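**Student:** Structure below; questions to follow.
4 protein chains.
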Amino acid sequence: MTVEDELFNVRTDLAVESRDMYVEKDKENKQDIKGVTVRDKQERDIALTYIDINAEGEKRIGKKEGSYITLYADGVKKQDTQKQQNAANVFASELKELLKKHHVPADSTGLVVGLGNWNITPDALGPMSVEKVLVTNHLFELEHETVSDGYRPVAAVTPGVMGVTGIETSNIIFGIAEKFKPDFVIAVDALASRSVDRVNETIQISDTGIHPGSGVDNKRKELSQETLGVPVFAVGVPTVVDAVTITSDTIDLILKHLGREWRDKDRPANSLTPAGLTFGHKELTDDDLPDDEKRKRFLGIVGTLSEQDKKSLIEEVLTPAGYNLMVTPKEVDGFMRDMADVIAKGLNAAMHSSITADNAADYSR
Amino acid sequence: MTVEDELFNVRTDLAVESRDMYVEKDKENKQDIKGVTVRDKQERDIALTYIDINAEGEKRIGKKEGSYITLYADGVKKQDTQKQQNAANVFASELKELLKKHHVPADSTGLVVGLGNWNITPDALGPMSVEKVLVTNHLFELEHETVSDGYRPVAAVTPGVMGVTGIETSNIIFGIAEKFKPDFVIAVDALASRSVDRVNETIQISDTGIHPGSGVDNKRKELSQETLGVPVFAVGVPTVVDAVTITSDTIDLILKHLGREWRDKDRPANSLTPAGLTFGHKELTDDDLPDDEKRKRFLGIVGTLSEQDKKSLIEEVLTPAGYNLMVTPKEVDGFMRDMADVIAKGLNAAMHSSITADNAADYSR
Amino acid sequence: MTVEDELFNVRTDLAVESRDMYVEKDKENKQDIKGVTVRDKQERDIALTYIDINAEGEKRIGKKEGSYITLYADGVKKQDTQKQQNAANVFASELKELLKKHHVPADSTGLVVGLGNWNITPDALGPMSVEKVLVTNHLFELEHETVSDGYRPVAAVTPGVMGVTGIETSNIIFGIAEKFKPDFVIAVDALASRSVDRVNETIQISDTGIHPGSGVDNKRKELSQETLGVPVFAVGVPTVVDAVTITSDTIDLILKHLGREWRDKDRPANSLTPAGLTFGHKELTDDDLPDDEKRKRFLGIVGTLSEQDKKSLIEEVLTPAGYNLMVTPKEVDGFMRDMADVIAKGLNAAMHSSITADNAADYSR
Amino acid sequence: MTVEDELFNVRTDLAVESRDMYVEKDKENKQDIKGVTVRDKQERDIALTYIDINAEGEKRIGKKEGSYITLYADGVKKQDTQKQQNAANVFASELKELLKKHHVPADSTGLVVGLGNWNITPDALGPMSVEKVLVTNHLFELEHETVSDGYRPVAAVTPGVMGVTGIETSNIIFGIAEKFKPDFVIAVDALASRSVDRVNETIQISDTGIHPGSGVDNKRKELSQETLGVPVFAVGVPTVVDAVTITSDTIDLILKHLGREWRDKDRPANSLTPAGLTFGHKELTDDDLPDDEKRKRFLGIVGTLSEQDKKSLIEEVLTPAGYNLMVTPKEVDGFMRDMADVIAKGLNAAMHSSITADNAADYSR
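These protein sequence lines are chains S, X, R and A, in that order. Taken in order, the first sequence gives residues 1 to 365; the numbers are from full-length UniProt numbering. Taken in order, the second sequence gives residues 1 to 365; the numbers are from full-length UniProt numbering. Taken in order, the third sequence gives residues 1 to 365; the numbers are from full-length UniProt numbering. Taken in order, the fourth sequence gives residues 1 to 365; the numbers are from full-length UniProt numbering.
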């Protein structure tokens, strides 16, 4: 049935990936792209990357001007509730900072929009998060005196996807926003990743708005300060990856692995180590990539291709065979539930000063 | 948690009930209320009542001017799939007639609105029905040439309820309608009944629009031709009943039962019947109601109260005790699923000439 | 469809109701039924009734010999999370006591059985509770050294209902128990109540075992120490009530209400009170019941019937009319979710010494 | 939380894959493995492979003696309801044949077992299928006279998985079977595939029984004629695939793609074709595989590895990096629902002579 095959778009919405792709193409300028400022930070067990892009940077790396904050938090993947709690805390404080930076007053009205399709689990992060967001706007409207200090009016909607409603998702949100007139909007969405290890691990916050279903159809309009007239923050988590990416990432790992093996085999230290014995799993890094001659030896012509060319080749091969699946880890149900929990706790704590990520469980529905 | 206790309003949205309540108060005019035309019909095993109310009728019985069609279809209650199929057929053809009566062209664009709360099963008829409605609008927009004849553009939304979104439900719909500009709207909602035996059995179709959450809050606005500028059809099914109604209905049955027993005990025919033996379950009717003297004898003062006074007394007793529950049959999950199926099949067949209720299963999602 | 209409049996499984029914019939012996010991206690905001029945008591009130503990906890009904937490605490400590009383060792193996039908929400208390129970048995079996102190081996199953599996539920449990050989069994089930105000408010714990689907079919076997050879504890919560009970309870309230009104109308204090003004909602009690002459005046013959005769009359009237529904409050989804949470937290804390009801949330799934 | 991370085992349960793996290792004997008979058939749009393995074959390819029937049906993947209907039809008649072959009488009692974890969508094929199976055993037991001809007694259970129940799944089934004493058992389970294109497309039927959670733990016992004393049929559908398989399959496709490109570039016919223009997507086959010299040129050392060595290398690289995910297509929810529908319709039609796959929809729940 055609109405059900809602397109789940392959979006490179992660600014860190756009940066990496640019760097990959232009290796000389690695640490210094004009118009793009990058800063890393470690907060407890959460790594953070801040990317600020100005108009010039936008032209270079093709990513909209604005601030992007990326959290790497593996608590969901590892099913570690303490780490998930930390992630909610750090996410909340980063979002709070971003609201402040945009001068969003503490008592202003927020609209949380859960993008995506309820019926496709890996695309349901938006609706699943919104379901746990503390909604207070009606309490302010109907019984203002009963609302305690430390809360702001918050509304939350799940507009669905075009394949389910038949209506352009942006139009639904524009219509609601015109009647409701929020002071700011936060949109939550599931993303596709260009890297296997970012799936269910990376949370990106930005102040640049979002395209529901972007990339696929230019006619669709973006949700942003420009179109809605109020600040629009986007929260995105990669939940799917395509077979091209999986294969391409794996080929890179094979090159690094063989590169390191080759390099290590002549090391004196290594000669003392019994064969097959390695000390811990030292992570493979770019330093392990072998030179071109060895790349050719290990992986032939394919080994010498640029990232871009390699992906194009893989896509060319997989697509006609019907193999270029978009996939998600088999534990998708639990991952989505836990990630929605992290996002909702973070949203509640960032928006209401009386809520902290630690007591947020009491406020989630 | 206050955000969750969404009010499920006791609405007397059934025109047949308004008529009955009026008749009850003014017994002389039983068959002849000025401004209210009533007509009954039998279609296969489905009983139908057509009530047309004009401006004068609206003043008398307090029900909005317009046409109301009521189907009595017990296929869902009896879990009889064949009867459910008949109900879908009759519902489809009645709705089709009503669309024609309002000159809705075959290729005009429809918006189906599923009112109610996904998280409260007996209030979820709207969302559950909409989930099975064939949505085609995006196909017309994106790939017009591929849509076969016999279909019209249809969109479908589930705006949620104020306790979940924080936003007045009418405002969400007004906002969407202003952007989407449908040619007609069909709203589906669960209702409360004033009679036990109408629950999950009665389907009302009207052309008068609907108040989401009506009765509770006057500030909330109605969805109707007046507010939306296009015809608004409402489809409603009673799914809950309150304890006052259950008790009041039962007291009436007790009176009728005792009345008939009294009347029958002196009948010669009866004296020949062995005690306790009755021929089938002859349904109790208004003719079984005893006279005032016997009502007093059977049920004391309570037996002589008018319908209205009796319900007031019961409410006065139950409410402070916290007993005035709104209840639903325990088989609510299956009933709602089957009724949503009947409604969705009927909507699809009424809106698309290529679909009949019989092949509608292939089109439901 | 016949396979789906699983019978949801009207069980009077609450010992307090059996006691009340007996007392009602034999008013002289109100406080003193031979073989039945009753003791009340108040624990924070939870009222408790302990009923101990010996062989003689079993003959009198028709309730199996053993201990019954009843908690009255309105936290679920009132959607008060603090009260729900208290209820879980008290439930846990009462169940712990009962395990001790039966000399169940701290490291013995438990089997939790969630009775009832997943597909019928008000009957799903067993499966919904079991889903949140901490299951540890496989950890002990597969990786014994990793299990911390303070936990015991616990397994949990949801055998379904005969209408869904086609197999006698007891047989499924007997089969599993013979292979698994637990040291004790705890069965959780939804019950029907004989009183409106006990629905979703009363938790009964007993050491007498349970009949899955009892009352309906004598061929079905009971789960008990006698049949399983190990202690069988039963946890039951009334989640449904029938229309007969609702009506009968309401008629009683009407009598009490009118009785009190009559009594109060001549009181001097009352004459000073403006009409219609009452000071708070004083709860109606048995003392408000009027004498026979007034009962007749208020409610005729019906007013003078015994509890038993009144219910028989109502049943006789409602059943042929198809009105004797088994119903559940419309908020069934939320009530069941919260009650399952209370039960699961209590079970976890009662079975594992490292878990308290307060930290139990971290252990629920 | 450790109780939730139920292992979803990588099983090579498909006999066609075992055969292929064997053939791959021993290329000389391609069409002729001693003790293994292979026969292909085309039934409408469904391709079928029959593999019969005797004791000698079992030793060679490591797959249990018995009959394996494999259907390739892409109706679910392509969301084509007509193709799904065909698949259900062919599946039903093949299973019916297998029941006949084992002399299962038409009125004997069947037990359908839905293996897998309800809470992990891609592992829920068993429970989802069983939910739609027509259960009749209780009707035969309780009201024998009302069951029409053309039906047999069927029961159905979903034993859960060890991570959820804490009990060895085989033990649950052995316990139930000892009490219920079925004449035959059909077990339905989700499998892992060694090939991307078999996911959600291949249905394997066998008469060899099944290991719940097999491969992982030798202590777990198999469900088979040997252990249960009655014929045990297994129905399996691959629903997940690991990253090693995706990468390995892709590398094969790259080799074939480059092999064909190389071969075609010198063909005269091709020189007349404008560059980039190809006629349809001719599927890549084993004939496109280049010779060793070209394999080395295209993909270096990796290109010359055997299937087995290549997979070992990839696994060695991916596992320490945490990249060796087991994944499922993002449309998992819809795929599982449709496949469960196909399986349940097929089971119903195979077991009850009054049901055909075409009218089976009326019997599914």
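Glycine is no exception: its CB is placed at the ideal position from the N, C-alpha and C atoms. All values derive from a computational prediction rather than experimental measurement.
Which term fits asparagine 54 (chain S), buried or exposed, when burial requires 16 or more other beta carbons within 10 angstroms of its beta carbon?
**Tutor:** Label assigned to asparagine 54 (chain S): exposed.
**Student:** So with Cβ pairs under 8 Å, would you call lysine 132 (chain A) a contact of chain R?
**Tutor:** No, because no Cβ of chain R sits closer than 8 Å to the Cβ of lysine 132 (chain A).
**Student:** Can you tell which of A:Gly114, A:Lys96 and A:Leu115 has the C-alpha that lies nearest to the C-alpha of alanine 106 (chain A)?
**Tutor:** When each option's Cα is compared against that of alanine 106 (chain A), the closest is A:Lys96.
**Student:** Is lysine 96 (chain S) close to the ligand GTP? I mean its beta-carbon at under 7 Å from any heavy atom of the ligand.
**Tutor:** The ligand GTP is not part of the structure shown, which contains no ligands of any sort.
**Student:** Could you tell me the distance, in whole angstroms, from the CA atom of threonine 245 (chain A) to the CA atom of alanine 177 (chain R)?
**Tutor:** C-alpha separation (whole angstroms): 41 Å.
**Student:** How would you call serine 224 (chain S), buried or exposed, if buried means at least 16 neighbouring beta carbons within 10 angstroms?
**Tutor:** The residue in question, serine 224 (chain S), is buried, as its Cβ has 16 or more Cβ neighbours within 10 Å.
**Student:** Tell me, to the nearest whole angstrom, how far the beta carbon of glycine 303 (chain S) is from that of threonine 136 (chain X); I am working on the premise that it is less than 8 Å.
**Tutor:** With 8 Å as the limit, glycine 303 (chain S) and threonine 136 (chain X) do not qualify as a contact, their Cβ atoms being about 49 Å apart.
**Student:** Reducing DSSP to helix, strand and coil, say where glutamine 82 (chain S) ends up.
**Tutor:** In the structure shown, glutamine 82 (chain S) sits in a helix (DSSP, three-state: H, G or I).
**Student:** Check the C-beta distance from alanine 318 (chain S) over to leucine 253 (chain A) and give it rounded, since I have them as a contact under 8 Å.
**Tutor:** The sequence given here has leucine at residue 318 (chain S), not alanine. Rounded, the Cβ-Cβ distance is 7 Å, consistent with contact.
**Student:** When the Cβ atoms of the region 291-301 of chain X are set against those of the region 84-93 of chain X, are three or more pairs found closer than 8 Å?
**Tutor:** No, the region 291-301 of chain X is not in contact with the region 84-93 of chain X.
**Student:** Against methionine 326 (chain S), what residues of chain A qualify as contacts under a CB-to-CB distance less than 9 Å, listed in chain order?
**Tutor:** The contacting residues are Pro329, Lys330 and Glu331.
**Student:** Would you identify the three-state DSSP class for valine 199 (chain S), choosing helix, strand or coil?
**Tutor:** In this structure, valine 199 (chain S) counts as coil in the three-state DSSP scheme.
**Student:** Cβ closer than 8 Å: which chain A residues qualify as neighbours of aspartate 68 (chain S)?
**Tutor:** According to the sequence provided, residue 68 (chain S) is tyrosine. The question's aspartate does not apply to it. Within 8 Å Cβ-Cβ: nothing; tyrosine 68 (chain S) doesn't reach chain A, min ~24 Å.
**Student:** Please report whether the beta-carbon of asparagine 137 (chain X) lies at a distance below 8 Å from any beta-carbon of chain S.
**Tutor:** So, interface residue.
**Student:** Pull up the distance between the alpha-carbon of serine 18 (chain A) and that of glycine 62 (chain A), whole angstroms please.
**Tutor:** Straight-line Cα distance between these residues: approximately 7 Å.
**Student:** Touch check for the region 344-353 of chain S and the region 33-44 of chain X: three-plus C-beta pairs under 8 Å?
**Tutor:** Judged by Cβ distances under 8 Å, the region 344-353 of chain S makes no contact with the region 33-44 of chain X, as fewer than three pairs qualify.
**Student:** Assuming the contact rule is C-beta atoms closer than 8 Å, serine 206 (chain R) and serine 67 (chain R) should be a hit. Round their C-beta distance to whole Å, please.
**Tutor:** Serine 206 (chain R) to serine 67 (chain R), Cβ: 6 Å. Contact.
**Student:** By Cβ distance, which residues of its chain are closer than 8 Å to threonine 156 (chain R), with the 5 residues on each side in sequence left out?
**Tutor:** Note that residue 156 (chain R) is alanine in the sequence shown, not threonine. Once the five neighbours on either side are set aside, the close Cβ partners of alanine 156 (chain R) are Leu111, Val112, Val113, Gly114, Val130, Val133 and Val135.
**Student:** Going straight from the alpha carbon of lysine 64 (chain X) to that of threonine 208 (chain X), what length do you get?
**Tutor:** Cα-Cα distance, rounded: 7 Å.
**Student:** Which chain R residues are close to arginine 297 (chain X), counting only those with a beta carbon under 8 Å from its beta carbon?
**Tutor:** Result: Gly300 and Ile301.
**Student:** What does DSSP give as the partner residue(s) for glutamate 17 (chain X) in the beta ladder?
**Tutor:** Answer by DSSP bridge pairing: none, since glutamate 17 (chain X) is not bridged.
**Student:** Under the assumption that leucine 191 (chain S) contacts proline 159 (chain S) (Cβ atoms under 8 Å), give the Cβ distance between them as a whole number of angstroms.
**Tutor:** Going by Cβ atoms, the distance from leucine 191 (chain S) to proline 159 (chain S) rounds to 17 Å, so no, they are not a contact pair.
**Student:** Can you give me the C-alpha to C-alpha distance between glutamine 84 (chain X) and aspartate 338 (chain A), rounded to a whole angstrom?
**Tutor:** Those two C-alpha atoms are separated by around 24 Å.
**Student:** Just the C-alpha distance for aspartate 292 (chain X) and glutamine 308 (chain X), rounded to the nearest angstrom, thanks.
**Tutor:** Going by the C-alpha atoms only, they are around 16 Å apart.
**Student:** For asparagine 119 (chain S), decide whether its Cβ has a neighbour in chain A, counting only Cβ atoms nearer than 8 Å.
**Tutor:** Yes, its Cβ sits closer than 8 Å to a Cβ of chain A.
**Student:** Please state whether DSSP places isoleucine 205 (chain R) in a helix, a strand or coil.
**Tutor:** Correct three-state label for isoleucine 205 (chain R): strand.
**Student:** Let's see if you can read the secondary structure: which residues bound the alpha helix (DSSP H) around aspartate 57 (chain A)?
**Tutor:** The question names aspartate, but residue 57 (chain A) is glycine in the sequence shown. Taken as a continuous stretch (DSSP letters only), the alpha helix (DSSP H) holding glycine 57 (chain A) covers 55-61.
**Student:** Could you name the residues of chain R that threonine 247 (chain X) contacts, counting a contact when the two beta carbons are closer than 7 Å?
**Tutor:** Per Cβ cutoff of 7 Å: Ile246, Thr247 and Thr250.
**Student:** I need the straight-line Cα distance from proline 329 (chain S) to glutamate 141 (chain R), nearest angstrom please.
**Tutor:** Those two C-alpha atoms are separated by around 28 Å.
**Student:** Distance, Cα to Cα, glutamate 316 (chain X) vs serine 248 (chain X)?
**Tutor:** Straight-line Cα distance between these residues: approximately 13 Å.
**Student:** Return helix, strand or coil for arginine 44 (chain S), following the three-state DSSP convention.
**Tutor:** The answer is coil: DSSP assigns arginine 44 (chain S) none of H, G, I, E or B.
**Student:** Does any residue of chain X bring its CB to less than 8 Å from the CB of threonine 165 (chain S)?
**Tutor:** Yes, threonine 165 (chain S) lies at the interface with chain X (some Cβ there is under 8 Å from its Cβ).
**Student:** Taking C-beta to C-beta, are leucine 211 (chain R) and glutamate 226 (chain R) nearer than 8 Å?
**Tutor:** Residue 211 (chain R) is actually histidine in this sequence, not leucine. Against a cut-off of 8 Å, the Cβ pair of glutamate 226 (chain R) and histidine 211 (chain R) comes out as no contact.
**Student:** Of the choices A:Met162, A:Val161 and A:Leu139, whose alpha-carbon is the least far from that of tyrosine 151 (chain A)?
**Tutor:** Selected option, being the one with the closest Cα: A:Leu139.
**Student:** Between which residues of its own chain and threonine 273 (chain A) is the CB-CB distance below 7 Å, once the five residues before and five after are set aside?
**Tutor:** A caution first: threonine 273 (chain A) carries a pLDDT of 45, below 50, which makes its placement in the model unreliable, though a value can still be read off. The answer is none, since no qualifying residue turns up.
**Student:** For glutamate 316 (chain A), go through chain R and note every residue whose CB falls closer than 9 Å to its CB, in chain order.
**Tutor:** Within chain R, no residue comes near glutamate 316 (chain A); the closest Cβ sits about 26 Å away, beyond 9 Å.
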